[in-house]
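Worksheet for the structure shown next.
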């Protein structure tokens, strides 16, 4: 029988515009500095020392090999296994998935998932030009659906948004409402890269990146780090952590299916991966979409947030716009989606995103999210995706409930 898995400590840095933050001595804020800050916070939150951690999974997308070791050496050098993780934009939640798997399988009583990213300004690009790119198959398939435009990411997600508009009558304003909501949420998040509120007209009138996606509906490049301490039930009991522990009651990772290449833009950006991962989590947890009050999902672009409403089963296909029109995904609605501000406003340091999502939901379940707090939270849902591809969905509940 699988062991129960609990989040007992979380921590993160403020997400920053690449290269903006400096250390007190004037030196560049580098990834070891980020990892030291987020990891120290997570350990302090758990009330444990690094020498009690038995395994570490460290995620980043851009960096040299064994950067994971260099990062966690800021916390201690105890000889434990340190696994470097790279799964595109779902890297942080993949590290979380692997750490949880170690606890669930009885291989460790306490594990650390840590993620960071030190990014270059501007749109994402390829690092290695002398070999097959992992997204080539997806790009070629999308090129059969839509004219090719660079940068690739907004083109692909924008094409999926256009497909939804054509099929269901969704408007540019519906996508803009997501940007409006998430920027408004971020005003209350001190960890967010942006903390500015905009009008709906501001969102619609911002520079067009790929119609219907304007700049204020696109996640920025970011520097930052997040960390999560996971523990077994016996560890929680021995250290009297039940009062702060949050249980992972369902978790699934999927990668591309044959249906990803069925000729639809939405499946090329992971819709079917999301559906399958969510259904597995609902089956594991015994919870359904109606049982969650707060959701952190992967809004790399506003089009993806709308499509994810439907993939997670918050509504039927084509009904995402109706949720937005009825204000069902913000405070006062059925769910509060991305109270942190989401990737659009909080930022998106690729290796840290999934762990920042976990941190936000842990605070929400503990009732310690300050001005962002969603009332009466009993269960929370997380969704993180990376093209190429992997989707990770995780369900949480308070241990004392």
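Residue numbers (UniProt numbering): 1 to 401.
Glycine included, each C-beta is placed from N, C-alpha and C at the ideal position.
Contact check for residue 45 against residue 92 fails: the beta carbons are separated by 7 Å or more. Ranked by Cα distance from residue 97, the options 133, 47, 248 and 236 are led by 248. Bridge partners of residue 336 according to DSSP: 294.
DSSP places residue 36 outside any beta strand (DSSP E); the residue lies instead in the alpha helix (DSSP H), whose first and last residues are 31 to 46. Per DSSP, the beta-bridge partners of residue 87 are 89. Nearest in C-alpha terms to residue 273, of all of 252, 288 and 263, is 252.
A residue is called buried once 16 or more other Cβ atoms fall within 10 Å of its Cβ, and residue 116 is buried on that count.
Using a 10 angstroms sphere on the CB of residue 339, the tally of other CB atoms reaches 16 or more, which defines it as buried. Distances from the alpha-carbon of residue 137 to those of 389, 393, 397 and 370 put 389 closest. For residue 367, the number of other beta carbons within 10 angstroms of its own is below 16, and it is reported as exposed. Under the three-state reduction of DSSP output, residue 308 falls in the helix class.
Residue range 136 to 143 is occupied by the alpha helix (DSSP H) that includes residue 139.
As computed with DSSP, residue 248 is found in a beta bridge with 5 and 396.
According to DSSP, residue 230 shares a beta bridge with 7 and 111. Residue 358 carries a helical assignment under DSSP once its states are collapsed to helix, strand and coil. For residue 224, the secondary structure class from DSSP, reduced to helix, strand or coil, is strand. Of the candidates 224, 186 and 175, the residue whose Cα lies closest to the Cα of residue 208 is 175. Assignment of residue 193 by DSSP, reduced to helix, strand and coil, places it in the coil class. Annotation: residue 316 is outside any alpha helix (DSSP H) and is labelled neither H nor E by DSSP. Taken through DSSP and simplified to helix, strand or coil, residue 102 comes out as helix. The three-state secondary structure of residue 22, taken from DSSP, is strand. In the structure shown, the three-state DSSP call for residue 263 is coil.
When C-alpha distances from residue 99 are compared across 130, 65 and 3, the shortest belongs to 3.
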